[in-house]
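All remarks here apply to the structure that follows.
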Amino acid sequence: MWRRVGAGWSVGDVDGRRVCNHCGTWVKTYAYRYYPPGDPSYERCVGFAWCSECRVYSGNMVQVPRRRALVDLLDGLDDRERERLLRREAELIGYLDRKC
Ligand SMILES: [Zn+2]
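For the sequence shown, my numbering gives the first residue as 604, with consecutive numbering after it.
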């Protein structure tokens with residue numbers, strides 16, 4: 604089961620890549636746009652970082668420049684499944700972890 608953590612989880616930096624300070628595994632990240640393109644807040648995205656080994660994750664608002672294209676890992680899902688995952692964070696992280 605995935606657990607959301609805040610300050611209790613720390614991430615380090617090895618050669619410019621983020622690693623979990625607890626187990627040393629590469630930390631995976633994912634961000635998606637929450638606001639539609641016409642919205643002034645378009646660059647404010649929802650971002651997640653997680654460790655596959657420790658099964659912990661954190662979520663934040665992150666700033667992603669408008670011109671940067673984000674990979675949509677929920678692409679293959681139908682609308683209903685997509686909405687369901689976006690409502691249940693822990694399941695979403697589990698899904699994303701299998702995809703990347
Ligand atoms: Zn870890």
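For every residue, glycine included, the Cβ atom is placed at its ideal position computed from N, Cα and C.
Looking at Leu677, Tyr638, Leu680, the one whose alpha-carbon comes closest to that of Met664 is Tyr638. Around ligand 1, the residues whose beta-carbon falls short of 6 Å from at least one of its heavy atoms are Cys623, His625, Cys626, Thr628, Cys654, Glu656, Cys657, given in chain order. Straight-line measurement puts the Cα of Trp605 at about 16 Å from the Cα of Ser613.
In the structure shown, Gly650 falls within a strand segment according to DSSP collapsed to helix, strand and coil.
In the structure shown, the three-state DSSP call for Asp618 is coil. Excluding five sequence positions before and after Val622, the CB atoms of its chain that fall closer than 8 Å to its own CB belong to Val614, Gly615, Asp616, Thr628, Trp629, Val630, given in chain order.
By the CB criterion at 7 Å, Tyr660 and Arg701 fall outside the cutoff.
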